[in-house]
Every structure is written in structure tokens, then in C-alpha cells.
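Before any comments, here is the structure.
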Amino acid sequence: MSSPTTHALPTLTRAVKHPFSRLVLSLLLCNYTIDALWRLERLVLPRLREETALAFQVSVLRAVGTLLALLVVGRWLEGRGPAQLGLDTRGALQQWGRGMLLGTGLITAVVGVLAVPGWYQVVDVVPRGALETATGAFTWAAIFTFAALWEEVIYRGLLFRLLEEWIGSGVALLLSSLLFGLMHFGNPNATRLATLAIALEGGLLLAGCYMLTRSLWFVTGVHFAWNWVQGAVLGVAVSGNPVPGLLQARLVGPETWTGGSFGVEGGGVAVLLVSAAGVGLVVRAARRGQWRAFLARRRELRALAAAEARPSIQEAPAT
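Take the sequence shown: its letter number 196 is residue 196 in our numbering, and every next letter is one higher.
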């Protein structure tokens, strides 16, 4: 006599492989990996007190930790390699370079618009030697590279991608943008308006970049160039954090438009220009078939779950 028996393992496997479960596991793994790397680094290297060196150290640890989490979860739970996770090494430099061009163009346009009415003013060119200037620029380039990388892995490579897989592009875009903005709320000189501005412009632009290319190299290049040119070249605070730049500059005029002490990211000019660029990228991505509708994603997930559930009911051996 035989009877159907339902195996618990396939059900558990499906639950673990659900996009939300993968997201939670990824974020937990990021946290524990970064903490472990931090503790290990403290055992090996002396404690750094200089602010710039500490910023570099933190950025590197976060980038390494988040990358490891993405690759481990991607391989073990999703069966995906680096290329399928947005980290294809073929053409990586080209994607990075294209992203840098876009990021540089956008921040230059924003500051250029602010300069027309005199709201962005260059006070002086930093009087430093060539070696010191080059060293400072390289140091901040390294900091902003790793900072951009870990933020993009978290917010686009994990959060946006897995939310999109679960509930579609629209909701993923909204939630990832809001969380990206909230991350900056604790920054120096941050206000509610500046936080909302970051969510609108940064969240929309960077998600649009990722949707269009599905490349973390491209979106990281955009993010890096925006920050580095803004701070290390143009001398504007980056998300409220002062950065020594080649130019010594100040923002005057209405803070609603300039962003005030938080920097241009918190102002209306950046919101309008960068959000417009973000909308253009999202529309272009949608035309290329990269928009994933909520209802369509729900049907796909239900169909996948049903297909995986069929083999889980098997005939028990006769006794």
C-alpha cells in the first residue's frame, strides 16, 4: 500500500530562496561580515585616528563585506555568478568610464546652473604643492570609490534587485529610493528636505542607471564621479560632509535651491536636473523591456512556486 508524502525540505528551500528571504539573509551577512573584518583588522593593524585614513578604512571594509555577501548569497541561494549579479568583469572598465562621464556631466551641470546667478562662488584655488594636491585627490578618489561601491551593492545590487524580483520595478524603485535618502538623514547638516532631495534625485537616478544597464560597475562609476568631482574638485560639501577640494568654494543664495551647508545635493536645482535625468533613464530602460510590473512578477513567482512544488509529492515505498 502506498500513500503520498510531502517532503518538508523543498518547502523550506523555496522559503529560503524567496526574494525577501534572500534580501534579509544578504543584509545580515553584510553586517556580520563587515563586523568580522573590522575586528580582524583591529587585531592586525594599529588603530587609526586621522579622519581621512579612518574614512578610507571604513569604506574598504564595507565594500569588501557587502561584495562578499552579494557573491555568497548569489552563488549559494540563487545559483548566479558575478556576471548575473551585475559584476561582469568583461567591459567593467568601459562601464565604469561611461558612468563616470554621466556623473561628471550631471554634477558639472548642477554647479554650472548655480554659478549663473552667483549662488556658487569660487573663493580661491587651494594653495598646495603639486604632490600634496595629487595625493589628496588620489586619497579621496579611493575613499569615494569604495564608498560608492558598497552603497551600490547594498541599495541596487541587493535591495533594488531583490525587491524588483519580488514586487516589481515600481515598488522597488520607491522603497530603495526612500531608504537611500534615509541613510543620509544622520549626515552633518542634514534636514528633512535634504533627505527627501537625496531620495528623489539619487534614488531615482542610480536605480535608473542600474535598470538600464544591469551593471553595478556603471552605476558605481556614476556615484563615484558625482561625489569626487563635487567634493575633491569643486569644493562643495558631499552629502553634508566637507571635503578639501582643488577649488575653495561657497554656496550663497536661497538654501532651497543651493542646498546650503548640506551641499548642492540638498537643493532644488539638483533635484530638478538629476531627477529629470533619472526619469529619462527609467523610461529608456522600460522601452528596452527592463521594467518589471508588479502583477506580472506575482504571477511569475506563483507559477515558479507551483512548478517547484510538483515534485515534492512522491509515492512512499510499499510496506
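Backbone N, C-alpha and C fix where the C-beta goes; we use that ideal spot for every residue, glycine too.
CB of V219 within 8 Å of CB of G99, strictly: Here the question's residue 219 lines up with position 219 in the sequence shown. Here the question's residue 99 lines up with position 99 in the sequence shown. Closer than 8 Å, so yes.
I need the straight-line Cα distance from G170 to V64, nearest angstrom please. Taking the first residue of the sequence shown as position 1, residue 170 is located at position 170. Taking the first residue of the sequence shown as position 1, residue 64 is located at position 64. Near 29 Å, if we compare the C-alpha coordinates of V64 and G170.
Beta-carbon proximity list for V153, same chain, < 7 Å, skipping 5 on both sides: Numbered from 1 along the sequence shown, position 153 holds the residue referred to as residue 153. Closer than 7 Å at Cβ, skipping near neighbours: T66, L67, L70, L216.
C-alpha distance - R80 paired with V24, whole-angstrom precision: Locating residue 80 in the sequence shown gives position 80, counting from the first residue. Locating residue 24 in the sequence shown gives position 24, counting from the first residue. Each residue's Cα considered, the two are about 18 Å apart.
Take the Cβ of Q95 as the centre, count every other Cβ of all protein chains shown within 10 Å, and call the residue buried at 16 or more, exposed below. Taking the sequence shown and counting its residues from 1, the one referred to as residue 95 is at position 95. Buried: at least 16 other Cβ atoms inside 10 Å.
Reducing DSSP to helix, strand and coil, say where A249 ends up. If you number the sequence shown from 1, residue 249 lands on position 249. Strand.
Closer than 7 Å by C-beta to S21: which residues in its own chain qualify, once you throw out the five before and the five after it? Chain order, please. As a working mapping, residue 21 is identified with position 21 in the sequence shown. A distance below 7 Å between beta-carbons, with the five flanking residues on each side excluded, links S21 to the following residues of its chain, in chain order: A15.
Starting from D35, follow its DSSP beta bridges and name the residues at the other end. Within the sequence shown, numbered from 1, the residue matching residue 35 stands at position 35. Partner(s): none; D35 has no beta bridge.
If the criterion is Cβ atoms closer than 8 Å, does the pair N227 and V238 meet it? Taking the sequence shown and counting its residues from 1, one reaches residue 227 at position 227. Taking the sequence shown and counting its residues from 1, one reaches residue 238 at position 238. Yes, they are a contact pair.
Counting only beta-carbon atoms, is A197 nearer than 8 Å to chain C? Going by chain labels, chain C is absent from the structure shown, which holds only one protein chain.
Taking only three categories from DSSP, how would you classify N241? The residue labelled residue 241 in the question sits at position 241 within the sequence shown. Strand.
Touching or not, the region 274-289 and the region 81-92, by the rule of three or more beta carbon pairs under 8 Å? no
Sequence-distant residues of its chain with Cβ nearer than 6 Å to W150 (five each side left out): Your numbering for residue 150 matches position 150 in the sequence shown. These residues qualify, in order along the chain: R62, A63, T66.
Give me the Cα-Cα distance between G260 and L29, rounded to the nearest whole angstrom. Position 260 of the sequence shown, counted from the first residue, corresponds to residue 260. Position 29 of the sequence shown, counted from the first residue, corresponds to residue 29. Each residue's Cα considered, the two are about 37 Å apart.
Tell me, please, whether the region 173-182 touches the region 241-258 by the rule of three or more beta-carbon pairs shorter than 8 Å. no
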